[in-house]
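To start, the structure itself, in structure tokens.
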Amino acid sequence: MQKINIEKLKGTKFQKKVWKALMQIPKGKTTTYKELAKKIGKPKAVRAVANAVRANPCAPYIPCHRVVRSDGKLGGYSGKGGVKKKIKLLQKEGVKIN
DNA sequence: CACATGACCTAAC
DNA sequence: TGTTAGGCCATGT
């Protein structure tokens, strides 16, 4: 499905793990940093996960916009348009925002 | 190697 | 209910 290989990108193993988990998120669905951290085996490394996500090449390689906070709010977005675009994208995919 | 940063989370005031 | 403080982990300087 993924046209690109994360392994081909440069970054630490931790990042690659996070990015892979991101791509594994089904469309129209959202995940929290906590769940993501848990998935990679470090439920306490939520901050490191957030760092990895923000350090990713972002659009259009990795759907970082599918990652939200536990509060239902969005975190941030280092892409074009900013968080606003992120919200729009999620809503377009059928995700409800607080 | 030590310090500082961050798109976080939880608890406490 | 809104803000502050502490804890946690990886990355970059």
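If you read the first sequence in the working numbering, its first letter stands for residue 12, the second for the next number, and so on. Virtual Cβ for every residue (Gly too), placed ideally from N, Cα, C. Here the structure is a predicted model, which means the values were calculated and not measured.
| Assigned secondary structure, leucine 47 (DSSP; H/G/I helix, E/B strand, else coil) | Annotated three-state conformation of leucine 47 is helix, per DSSP.
| query | Taking the alpha carbon of arginine 65 as the point to measure from, which residue in Gly87, Lys97, Lys27 has its own alpha carbon closest? | reply | Among Gly87, Lys97, Lys27, the Cα nearest to that of arginine 65 is on Gly87.
| field | CA nearest to the CA of glutamine 26, picked from Val94, Ile98, Thr41, Ile51 | value | Of the candidates Val94, Ile98, Thr41, Ile51, Ile51 places its Cα closest to the Cα of glutamine 26.
| said: Taking the beta carbon of arginine 77 as the centre, do at least 16 other beta carbons fall within 10 Å, making it buried, or is it exposed? | reply: Arginine 77 comes out buried.
| message | Taking its Cβ as the centre, do 16 or more other Cβ atoms sit within 10 Å of proline 74, making it buried, or is it exposed? | response | Under this definition proline 74 is a buried residue.
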